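Take the position in the sequence shown, starting the count at 1, then add 15; the result is the number in the working numbering.
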Amino acid sequence: MRTRSVRPSGQLYRAIALLPAIRAVAAELDDVPATAESPVTAIDAILAEALAKLRARREG
Numbered sequence: 016m017r018t019r020s021v022r023p024s025g026q027l028y029r030a031i032a033l034l035p036a037i038r039a040v041a042a043e044l045d046d047v048p049a050t051a052e053s054p055v056t057a058i059d060a061i062l063a064e065a066l067a068k069l070r071a072r073r074e075g
């Protein structure tokens with residue numbers, strides 16, 4: 016019986032490539048949510064807060 020190799024999709028590689036950026040954003044935030052319903056919720060909260068801070072900085 017032969018086994019087939021399953022290769023990850025390009026989408027997975029792109030998501031993995033974003034992890035350092037997400038970690039950097041999280042490190043810059045003062046109050047990263049300690050608990051969340053899911054990792055996606057935590058990432059959404061981190062990115063939303065980072066975007067709000069960037070907008071506030073740009074508007075000055």
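For every residue, glycine included, the Cβ atom is placed at its ideal position computed from N, Cα and C. Remember, predicted model here, so these are calculated numbers, not experimental data.
Assuming residue i and residue j make a contact with CB atoms under 8 Å, what is their CB distance in whole Å?
| i | j | result |
| --- | --- | --- |
| Ile61 | Ala41 | 5 Å |
Taking the straight line between their C-alpha atoms, what separation do you get for residue i and residue j?
| i | j | result |
| --- | --- | --- |
| Glu74 | Glu64 | 15 Å |
| Ala57 | Ser24 | 24 Å |
| Lys8 | Arg38 | Residue 8 lies beyond the residue range present for the chain, which begins at 16 and ends at 75; the question has no answer from this structure. |
| Gln26 | Leu33 | 11 Å |
| Leu66 | Ala36 | 13 Å |
| Tyr28 | Asp59 | 19 Å |
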